[in-house]
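Here the sequence shown stands for residues 233 to 300, numbered as in this note's numbering. Each remark here refers to the structure printed beneath this line.
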Amino acid sequence: MNLEQGLEQGRRNGVRQGETHILLRLLQRKFGELPGAVIRRVEDADQDSLLAWSERVLTAETLSHVFD
């Protein structure tokens, strides 16, 4: 891996970490304390899942509806 590839990978990782952090904050603000399993699921998710869940949290009535 060259320097540019390393920088790009670092950028992608930073973006993903930011998306994860924001989604967890939104979930916690809307639904209260989150179960450990939910936190782990979000932390392990790919970017497509994070995006889908971030959109669903806006209209979901329950925590489980975010992940359906």
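All residues carry an ideal CB built from backbone N, CA and C; glycine is no exception.
{"Asked": "Ordered along the chain, which non-local residues of its own chain (more than five positions away) have a Cβ less than 6 Å from that of glutamate 287?", "Found": "none"}
{"Asked": "Buried or exposed, going by whether 16 or more other CB atoms sit within 10 Å of the CB of leucine 290?", "Found": "exposed"}
{"Asked": "CB-CB under 7 Å to lysine 262, same chain, minus the five flanking residues each way: which ones, in chain order?", "Found": "Val289"}
{"Asked": "Taking only beta-carbon positions, decide if proline 267 is within less than 9 Å of chain C.", "Found": "This model lacks chain C altogether, as it is built from one protein chain only."}
{"Asked": "Can you tell me the Cα-Cα spacing of asparagine 234 and leucine 282, whole angstroms?", "Found": "28 Å"}
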